[in-house]
Amino acid sequence: MVPQSLESAAGGHVLDTPYNEMYESAGAPRSHYRILQDRLKELGTEEIQRRQQAADLSFLQQGITFTVYGEKTGTERIFPYDVLPRIVTAAEWDVLARGMTQRITALNLFLHDLYHDAKIIADGIVPADLVYSCKHYRREMRGIDPPRGNYLTVVGTDLVRTPDGRFAVLEDNLRVPSGVSYMLSNRQVMKRVFPNIFRDYDVRPIDHYGQELLACLREVAPVSQAAARIVLLSPGIYNSAYFEHAFLARQMGIQLVEGRDLVVHDNIVYERTTAGLRRVHVIYRRIDDDFIDPMAFREDSMLGVPGLMNAYRAGNVTLANAPGTGVADDKAVYAYVPEIIRYYLKEDPIVDNVETYLMTRPAERDHALKNLDKLVVKAVGESGGYGMLIGPHSTQTQRDEFREKINAHPRNYIAQPTLSLSVAPCFLEGNIEPRHIDLRVYILFGAHARIIPGGLTRVALRKGSLVVNSSQGGGSKDTWVLNDSPDS
Amino acid sequence: MLYRIRHVTAFQYDQPIRESMMELRMRPRSDAGQRCLEFDLSTLPAAHTRSYTDHLGNVVQHFDIPGIHDRLEVTAAALVETHAAAPAPTAPDPAAWEQLDALADRAEFWDWLHPSHYAIPSERLSAFAESAGLRRDADPLTVLNNAREALHAHVRYDRGSTRVDSPIDECLEKQSGVCQDFAHAFIALARGLRIPARYVSGYLYHRTDDAEPTGHGATHAWAEAFVPHTGWIGFDPSNNTVAGDRHIRVAVGRDYKDVPPNRGVFKGAANQTMDVHVDVERARGD
Amino acid sequence: MMLSRVADSLYWMSRYLERAEHTARLLDVQLHIALDVAPHTATVGWFCLLNSLRFEMPAEVAADAGAVTRALAFDPHNAGSIVACVGQARENARQIREQIPSEMWEEINNLYLAVREMSIDRLWQSGPHAFFHSVQRGAQLVAGLSDSAMNHGEGWQFIRLGRYLERAIALAWLLDSHFGIKGADALVEATPSDFVSWAGLLRMATAYESYCRVHTVELQPRRILDFLLLNVEFPHAVHFCARQVDKAITGIAGWTGTSRTAQGHRLAGRLNADLAYDTIDEVLANDLDKCLNKVVTTLAAVHDAVYNQYIGYTVGAVLQGELAGAQ
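Laid out in structure tokens, this is it:
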């Protein structure tokens, strides 16, 4: 969101008291958390502890793990899980669902435009530089028409709740978003661990994710939906998300394949079976663009399928997501999503971005330069926290350095307020304590958008930490989307 | 002019291979300066060839050979008609630089104005531009011709001195290079002056009395730069000439990486050797 | 019809487990025999064992129980060692973990962890029998789970094929080395001093008790050969294994729509028929060597035929319609 009035927004730069998901004020739970609080009191700490242990064991036994890189024997760990659910009301979800539908619709139109006439660039809404300098922009995709004009079949969007209680989009994952297997497993475990509390709430089901995904994949098939053979393409067992690939293939009842199982002949994709070659029509691929076809992209890729892009271009196979979607989740392009929504849909965004200042706009740049000690500055081309200035933790020298960089290359930087993520109660070593959380929601798009009422709530398990990534001490919670408030 | 081209590429493998796949950019373009009247591609072992037009308007032919083989021969035969390029304007346009700068924001010129894989600016290149006096003083066309002459004077054409994908610095340092080096250096110089420039792969017809070092019987590469009012003009720095009706254009791209004549993969642990034979002859028009 | 890669992994997982089990049993039995016999006889036993695994060692250590055990059980650089075979079996299972029952994966993994933790030094401390016995039991447990916890579909047939093809070859080599080393004398009535080694041969094929039940404890070399080569009811007899190979191939052909005239089918069927109609007198009259050799070469050809038909076929071959069932 680009603030309408810089003065009014300036107050939000200091780390505010985070929004508390459960409590309105000390000791006073929000109405939709009241039952949970009562039930937890009835159970007592020891009983909750016992159930947390049962949950951990269940994850381990089911093999719901992720592979840790760098160890030859393939160490597998469980993704830490917190037993207390995060609850989202029907009203809150309604806004999110409409917002995400709007967002994926606009992003699909944006991608189609970028790979065809690029009107949005000609009209001066998004700078050409931003798009064409992005390494995820695939020139090979120019002029290709994916089925239904659909580039994004699966999207995972990360949302945070700002101190005023509103949800805002922090990041879109438009390439090969992961984590949905944890969302589904968390729910399975939760229903076993807290069956009674679960029954007390009217929670919307999420178990149909696999069916919905399969339906979307069918809808984008190049042949009749019934005849379409659909496979999931994985980089193989050494990939950290392999568990999820196998899990989803099983959920959908489709074949999990690796690049070496597929072969392209005369622009048709086949899988190698013991009964010869069998044609494949839709590939739900969990391999990055760079590796899907050594003929078209990285020549040294051993994971891909030579000739896949030619088969795709000829319309004989669908790749979901389409190659080249990464251009739309680039950090700097992200800042333009509200404009992109307005441009294609002639609507205001229902769920906004996190406030983002573009250094190419003089007023925003001046404002940011004056408030460097309060803001986070990010280099648009970098990721993983590289090339970043965290204002409140920075020195004068660092700020001067960034001031120079921004003035020299305003296009390479964006600035955002230092975010104060909302907090939710977590059960940690026998105590219930608040921890910062975010929310990844999954949006599917075939003939139309489908949003699974739930998501992966990620938790920063370390006290005071704002980092929710699993590699850095993050965990997750089940996310309950209610049909209605329990007391209404 | 009418030309008949025969281009044979033979791949030999020291071990049997299978499931080989190849993409070719060998079909001469049909656009402003030329027309491809006939084109025939054949392979041995025989394969069903398919084609598509890439986003730059180049025709890409591709095929796969699923069975076991240890040799692959690709023969492209074309009949092309070229037209003499329209003479470049003699009266330099003082407003040309401003007009060029106005193009910079247009999506379709972005690729031609920015560094690409093999056409990357370097300190050595900047020093070379400096010493050759290449700057935005005269009109764009004059500066481009100066760049072509300066490159030709500094670098000696020497087949085999570098590879098609050598960095520009290597040829500037050695003062010798192949036609791709000349083209890449010229493109980087032009883009450094914010003049849109692109790479052209193709053939050059060689008359018996011509003294071009690039010789005949080989593919050739040169560059094109965009000049307001005139459009794309071909510059052939390895032969120190402007591209004319003896230059037969096959494909255009940001640099060599976008338009290699062939690109392929195969299964099998074999080493590949390649043998190329090209004939370009004048044909009689009917 | 299943992915070729998956079929390949199931097949090799099964072969490697069978190989590990066989090697463990041979070492177990031979270490036991060596305690009972004169040093010379023990030396012959070790040569015989190495020969039956087609494994070569320098002559000066070939009769050294410690050196041989280390090489065959724990040398990771020896592709045929127990530790290497179990490692390969696990790696193949890991590639297709989703396609096999989780109990099976867990047992393979347990076996792998147990084998990896053991070393030659600890083996002597804790007693070799316990370890080799646990390896055999681990492999048998996996085989049992494949029969009891898995669909008897195409994948199971590949497991079955791998197990019995491996076992038949190992048995043929075992017979070849025992009867080959002892030469023509071998078929003369056994002397009491030979008893230990003939009983050892039977134990190496888990056949001692079964043999006694059929022929009593009178160990006659000719009957032993008949039992281990031509018996169709005993699971560690060559004929029984060849029959299972034939059945597995027939099963796979059914799932994939392969023609009955396909190479693997013909070879396996003919081998099974030959063994069914051969008598031990004919075998001996026609040269035992030749017969065992034919078993091994035929099974090697069956392996190649199956590989070319179902796994490593070229796309070109499918397109020319050389493979049945190609679409």
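Protein chains in written order, with our numbering: chain G, 1 to 488; chain Y, 1001 to 1286; chain A, 2001 to 2327.
We put the CB at the ideal spot given by N, CA and C, even for glycine.
By the CB criterion at 9 Å, residue 36 of chain G and residue 197 of chain G fall inside the cutoff. Here residue 2043 of chain A has 2063 as same chain residues with Cβ atoms under 6 Å from its own Cβ, once five neighbours each way along the sequence are excluded. Counted as a single uninterrupted DSSP element, the beta strand (DSSP E) harbouring residue 161 of chain G occupies residues 154-161.
Contact annotation for residue 1019 of chain Y against chain G: 263 [CB-CB distance below 7 Å, chain order]. For a Cβ distance threshold of 7 Å, nothing in chain G lies close to residue 1118 of chain Y: the least Cβ distance comes to about 15 Å. DSSP, reduced to helix, strand and coil, places residue 291 of chain G within a helical segment of the structure shown. In chain order, 2094, 2095, 2097 make up the part of chain A whose C-beta sits under 8 Å from the C-beta of residue 237 of chain G.
In summary, residue 224 of chain G is exposed, with fewer than 16 beta-carbon neighbours lying within 10 Å of its beta-carbon over all protein chains present.
Close to residue 1067 of chain Y, with beta-carbon spacing below 9 Å, are these residues of chain A in chain order: 2314, 2315, 2316, 2317, 2319, 2320.
Looking at the backbone, the Cα of residue 1262 of chain Y and that of residue 1025 of chain Y are separated by about 6 Å. Within the region 420-431 of chain G, no residue places its CB atom closer than 9 Å to a CB of chain A. Residue pairing by DSSP puts residue 1201 of chain Y in a beta bridge opposite Y:1221, Y:1251.
Under the DSSP assignment, residue 2091 of chain A falls in the alpha helix (DSSP H) whose first and last residues are 2082-2095. Restricting attention to A:2033, A:2010, A:2297, the CA atom closest to the CA of residue 2204 of chain A is found in A:2033. In the three-state scheme derived from DSSP, where H, G and I count as helix and E and B as strand, residue 1149 of chain Y is classed as helix. DSSP lists Y:1080 as the bridge partner or partners of residue 1036 of chain Y. Taking a cut-off of 8 Å for Cβ pairs, the region 1135-1145 of chain Y and the region 1189-1205 of chain Y touch, as three or more such pairs fall below it. Residue ranges of uninterrupted alpha helix (DSSP H) with 4 or more members, entirely inside the region 93-139 of chain G and ordered along the chain, are 119-122, 128-132. Counting only residues of its own chain and dropping the five nearest sequence neighbours on each side, residue 2146 of chain A has a CB closer than 7 Å to the CB of 2104, 2156, 2159. Separation of residue 1199 of chain Y and residue 1184 of chain Y (C-alpha to C-alpha, rounded to the nearest whole angstrom) is 7 Å. For residue 1112 of chain Y, there are no C-beta contacts with chain G under 8 Å, since the nearest C-beta of that chain is about 11 Å from it. A straight line joining the alpha-carbon of residue 248 of chain G with that of residue 24 of chain G spans about 38 Å. Here residue 2100 of chain A carries a coil assignment [DSSP, helix/strand/coil]. It is roughly 7 Å from the alpha-carbon of residue 2198 of chain A to the alpha-carbon of residue 2219 of chain A.
Residue pairing of residue 1022 of chain Y in beta bridges, as defined by DSSP: Y:1063, Y:1264. Residue contact check for residue 1264 of chain Y against chain G: a CB pair falls below 9 Å.
Contacts between residue 2004 of chain A and chain G, judged by CB atoms closer than 7 Å, involve 272, 273, 274 in chain order. Here residue 1265 of chain Y really is in contact with residue 1021 of chain Y; their C-beta atoms are around 5 Å apart, less than 8 Å.
Under the 9 Å criterion on CB atoms, residue 299 of chain G is classed as interfacial with respect to chain Y. Interface criterion not met: the Cβ of residue 1191 of chain Y is under 9 Å from no Cβ in chain G.
Residue 1084 of chain Y and residue 314 of chain G have their alpha carbons spaced roughly 36 Å apart. With respect to the 9 Å criterion, residue 2072 of chain A and residue 2113 of chain A are not classified as neighbours on the basis of their beta carbons. Cβ-Cβ distances below 6 Å link residue 42 of chain G to nothing in the same chain once the five nearest sequence neighbours on each side are left out. With 16 or more other Cβ atoms from the protein chains shown falling within 10 Å of its own Cβ, residue 2107 of chain A counts as buried. Annotation: the continuous beta strand (DSSP E) that includes residue 414 of chain G extends over 413-417. At a cut-off of 9 Å, the C-beta of residue 407 of chain G has no neighbouring C-beta in chain Y.
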